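S.K.: Quick note: the sequence shown uses the numbering used here, first residue 48, plus one each step.
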Amino acid sequence: MTISYEIDDALYLNITNKCPCNCTFCIRNNGDGAYGSDPLWLEHQPTLEEIKADLAKRDLAAYRQIVFCGYGEPTCELELLKDTARYIKSVCKTPLRINTNGLSDLINKRDTAPEFAGLIDVVSISLNAPTKEEYEAVTRPSFKDADSFGAMLKFAQEVKKYVPQVMFTVVDIIGEDEIKRSQKVADSVGIHLRVREMITD
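Here it is, written out as structure tokens:
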């Protein structure tokens, strides 16, 4: 099964298939992989030992960055994520990034931002939409009795106290008007917004 895969000069880590969201644009709805990777559906939840064995086949110092991003939300396996990050930090100086939906606090039922200190260098959070209503329509989170949009914004503001670089992302297909309004949301909390292209394979 595919635990790690390369995109350009970065290494991506697929540590879980769990996710509390069902985004309308999710790449998982379009195929089995990303950027020509092998299938990213895992046969089972990998252990730290399996991840280490997979990473041992790679020259970790050769990559521009190592990214926790696969066919799931990496903070659904937060302890495994942290243990993997500690291992990588012990063997190389390559920067570590998480691509996340920003719902770690709801997933783990606690304030998790401080736990990324010293382990993660960049956190990229999917903003997805400029309002709670639009966010829920696009992201379709499973937390029906919680304000997922508000939790995501709170996590973003908290985690930037502990991580050197934090950014929001939106997918370009949401349209120019929503991108402009998303920019205002990002500006209001002092976080950079990156507009990324829709991935179809």
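Note that the Cβ used here is the ideal one computed from N, Cα and C, for glycine as well. Computed from a predicted structure; not experimentally measured.
In this structure, how does DSSP classify ARG111 when only helix, strand and coil are distinguished?
M.R.: For the purposes of this step, residue 111 is taken as residue 64 along the sequence shown, with counting starting at 1. Note: ARG111 maps to coil in three-state DSSP.
S.K.: Could you name the residues that DSSP lists as bridge partners for ASN146?
M.R.: Stepping through the sequence shown from its first residue, residue 146 is reached at position 99. DSSP output for ASN146 lists SER171 as bridge partner(s).
S.K.: Assign ASP55 to buried or exposed, taking buried as 16 or more other Cβ atoms, counted over all protein chains shown, within 10 Å of its Cβ.
M.R.: Along the sequence shown, read from residue 1 onward, the residue named residue 55 stands at position 8. Flag for ASP55 reads exposed.
S.K.: For LYS207, which residues of its own chain have a beta-carbon under 6 angstroms away from its beta-carbon, when the five flanking residues on both sides are left out?
M.R.: The count along the sequence shown starts at 1 and reaches residue 207 at position 160. Answer for LYS207: VAL213, listed in chain order.
S.K.: Look at the alpha carbon of THR63 and the alpha carbon of GLY222, and state the distance between them as a whole number of angstroms.
M.R.: Residue numbering aside, residue 63 sits at position 16 when the sequence shown is read from its first letter. Residue numbering aside, residue 222 sits at position 175 when the sequence shown is read from its first letter. Straight-line Cα distance between these residues: approximately 30 angstroms.
S.K.: May I have the straight-line CA-CA distance separating GLU53 from ILE98, to the nearest angstrom?
M.R.: For the purposes of this step, residue 53 is taken as residue 6 along the sequence shown, with counting starting at 1. For the purposes of this step, residue 98 is taken as residue 51 along the sequence shown, with counting starting at 1. Whole-angstrom Cα-Cα distance: 15 angstroms.
S.K.: Is LEU89 helix, strand or coil by DSSP?
M.R.: Reading the sequence shown from its first residue, position 42 is the one you call residue 89. If DSSP states are grouped into helix, strand and coil, LEU89 belongs with coil.
S.K.: Which value, in whole angstroms, describes the spacing of the CA atoms of CYS123 and THR147?
M.R.: The residue labelled residue 123 in the question sits at position 76 within the sequence shown. The residue labelled residue 147 in the question sits at position 100 within the sequence shown. If I take the Cα positions, the gap works out to 10 angstroms.
S.K.: I'd like the ranges of any alpha helix (DSSP H) spanning at least 4 consecutive residues and lying wholly in the region 153-207.
M.R.: DSSP runs (the alpha helix (DSSP H)) wholly in the region 153-207: 179-186 and 195-206.
S.K.: Are the region 133-149 and the region 166-179 touching by the rule of at least three beta carbon pairs closer than 8 angstroms?
M.R.: Judged by Cβ distances under 8 angstroms, the region 133-149 makes contact with the region 166-179, as three or more pairs qualify.
S.K.: Using a threshold of 9 angstroms, state whether the C-beta atoms of VAL114 and TYR182 are closer than that.
M.R.: Taking the sequence shown and counting its residues from 1, the one referred to as residue 114 is at position 67. Taking the sequence shown and counting its residues from 1, the one referred to as residue 182 is at position 135. Not in contact: VAL114 and TYR182 (Cβ atoms no closer than 9 angstroms).
S.K.: Could you name the residues of the same chain whose beta carbon sits closer than 7 angstroms to that of PRO142, not counting the 5 residues immediately before and after it, in chain order?
M.R.: Residue numbering aside, residue 142 sits at position 95 when the sequence shown is read from its first letter. Excluding residues within five positions, the ones whose Cβ falls inside 7 angstroms are GLN112, ASP168 and VAL169.
S.K.: Using the three-state DSSP reduction, which class does ARG75 fall into: helix, strand or coil?
M.R.: Within the sequence shown, numbered from 1, the residue matching residue 75 stands at position 28. Looking at ARG75 - three-state DSSP - the assignment turns out to be helix.
S.K.: Here's a check: name, in chain order, each residue in its chain whose Cβ is nearer than 8 angstroms to the Cβ of ALA233, leaving out the five neighbours to either side.
M.R.: Mapped onto the sequence shown, residue 233 falls at position 186. Cβ neighbours of ALA233 beyond the five flanking positions: LEU174, PHE215, HIS239 and LEU240.
S.K.: When you compare only the Cα positions, how much space is there between ASN155 and GLU126?
M.R.: By one-based count along the sequence shown, residue 155 stands at place 108. By one-based count along the sequence shown, residue 126 stands at place 79. Cα-Cα distance, rounded: 10 angstroms.
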